[in-house]
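For reference, each letter of the sequence shown is one residue, going 207 to 487 in our numbering. For glycine and all other residues, C-beta sits at the position ideal for the given N, C-alpha and C. For clarity, every value in this text was computed on a predicted model and none was experimentally measured. Read through the structure below, which is laid out as structure tokens, and then see the notes.
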Amino acid sequence: MLSLPKTLADDVARNLVMVARLIDEDPEGAYAYSRIALRLASRVAAVREAAGFAAYANQKFSEGLAEFRAARRMTGNVDLWPVMADCERGLGRPEKALDMAGAPEVHKLDKAGQVEMRLVAAGARRDMGQLDAAIVTLQSPELASGSVQPWTARLRYAYADALLAAGREGEAREWFAKAVEGDKDGSTDASDRLAELDGVEFVDALGDDEAGDDAGDEAEADVDTDAEPDVELDLDEDDEDDDEVVVDAETSVDDDDEDDDEPRTGTDTATNTAPVVSDKD
Numbered sequence: 207m208l209s210l211p212k213t214l215a216d217d218v219a220r221n222l223v224m225v226a227r228l229i230d231e232d233p234e235g236a237y238a239y240s241r242i243a244l245r246l247a248s249r250v251a252a253v254r255e256a257a258g259f260a261a262y263a264n265q266k267f268s269e270g271l272a273e274f275r276a277a278r279r280m281t282g283n284v285d286l287w288p289v290m291a292d293c294e295r296g297l298g299r300p301e302k303a304l305d306m307a308g309a310p311e312v313h314k315l316d317k318a319g320q321v322e323m324r325l326v327a328a329g330a331r332r333d334m335g336q337l338d339a340a341i342v343t344l345q346s347p348e349l350a351s352g353s354v355q356p357w358t359a360r361l362r363y364a365y366a367d368a369l370l371a372a373g374r375e376g377e378a379r380e381w382f383a384k385a386v387e388g389d390k391d392g393s394t395d396a397s398d399r400l401a402e403l404d405g406v407e408f409v410d411a412l413g414d415d416e417a418g419d420d421a422g423d424e425a426e427a428d429v430d431t432d433a434e435p436d437v438e439l440d441l442d443e444d445d446e447d448d449d450e451v452v453v454d455a456e457t458s459v460d461d462d463d464e465d466d467d468e469p470r471t472g473t474d475t476a477t478n479t480a481p482v483v484s485d486k487d
């Protein structure tokens, strides 16, 4: 953003910071900030990339793909290739994603990028109903490695999930357990999946307490409603006229990018973390 005037650059930077801050917890909010940044500096590659990820997080795959293509044209690098392929999956074009997985650009990716591309390719195989091929696609030196890398948990998780979908429950349990071992930052729900396979049921104690409190409140409300109003009688026997009854009762009531097809929201996508989310079908 060095080409922008300082004031404008500061405004754009503030919006990009908000995109990064909100994209996991509030994707819609992140998307709104990305659109502001895009209006301010559409010719900045970092802005186009951030807009792409914000759209991707909201399953706006056509829009995300267009932004990623624009960013790639501006920078010339291939880092976005895996997430672009995953957008093709999101648009219901797994065959296109597989074509991209075999393209020369993949060989230019670093190790993390190649693992992401493998995850996307496996997901595309599953989209096409090719479970066995998806399992084979995930089998790799990175999967077999005992060392823990940033991609380890998601790779093991995707493999376990594919095994489970293929009916290989025993192997799936083993790999979910391995995913838990490699998931240092809780990027997957591998522990929950493992517990499900072991037949463990979780009880929401806090929820039960709140339900009990609500029941108590309702009981108190019923008692208050049924209670007789306070009545004060003021009778003066010395008056010649008939006495009046005084009742005191209180009650209450309540830009130039190419167009693509519209995304299909039911499509499985990867991701808790950018750039590409692993397949968790």
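### Query
Is Met224 closer than 8 Å to Ala215 when the C-beta atoms are compared?
Not in contact: Ala215 and Met224 (Cβ atoms no closer than 8 Å).
### Query
What three-state label does DSSP hand Met334 in the structure shown?
In this structure, Met334 counts as coil in the three-state DSSP scheme.
### Own chain partners of Glu311 with C-beta closer than 8 Å, once the 5 adjacent residues on each side are dropped
The beta carbon of Glu311 is closer than 8 Å to those of Val284, Trp287 in its chain, skipping five residues each way along the sequence.
### Query
Can you list, in chain order, the residues of its chain whose CB lies under 6 Å from that of Ala257, leaving out five sequence neighbours each side?
The answer, listed in chain order, is Ser240, Leu244, Glu273.
### Task
With DSSP as the reference, label Lys266 as helix, strand or coil.
Here Lys266 sits in coil by DSSP.
#### Entry: Pairwise C-alpha distance: Phe267 and Lys212
Here the C-alpha atom of Lys212 lies approximately 32 Å from the C-alpha atom of Phe267.
### Task
Note down, in chain order, each residue of its chain lying with its Cβ closer than 6 Å to the Cβ of Met323, except the 5 sequence neighbours on either side.
Closer than 6 Å at Cβ, skipping near neighbours: Pro288, Ala307, Val312.
### Query
So, using beta-carbon positions, are Ala328 and Ala368 closer together than 8 Å?
Closer than 8 Å, so yes.
### Query
Under a three-way DSSP split, which group does Gly376 fall into?
Three-state DSSP puts Gly376 in a helix.
### Query
Looking at the structure shown, is Asp216 part of a helix, part of a strand, or coil, going by DSSP?
Residue state for Asp216 is assigned as helix, using DSSP reduced to three classes.
### Task
Compare the C-alpha of Ser248 against each of Asn221, Asn264, Tyr262 and name the closest.
When Asn221, Asn264, Tyr262 are compared, the shortest CA-CA separation from Ser248 is found for Asn221.
#### Entry: Three-state class that DSSP yields for Glu231 in the structure shown
DSSP places Glu231 in coil when its eight states are reduced to three.
### Alpha-carbon spacing of Leu270 relative to Asp395, whole angstroms
It should be pointed out that residue 270 corresponds to Gly in this sequence rather than to Leu. Spanning the two alpha carbons is a distance of roughly 26 Å.
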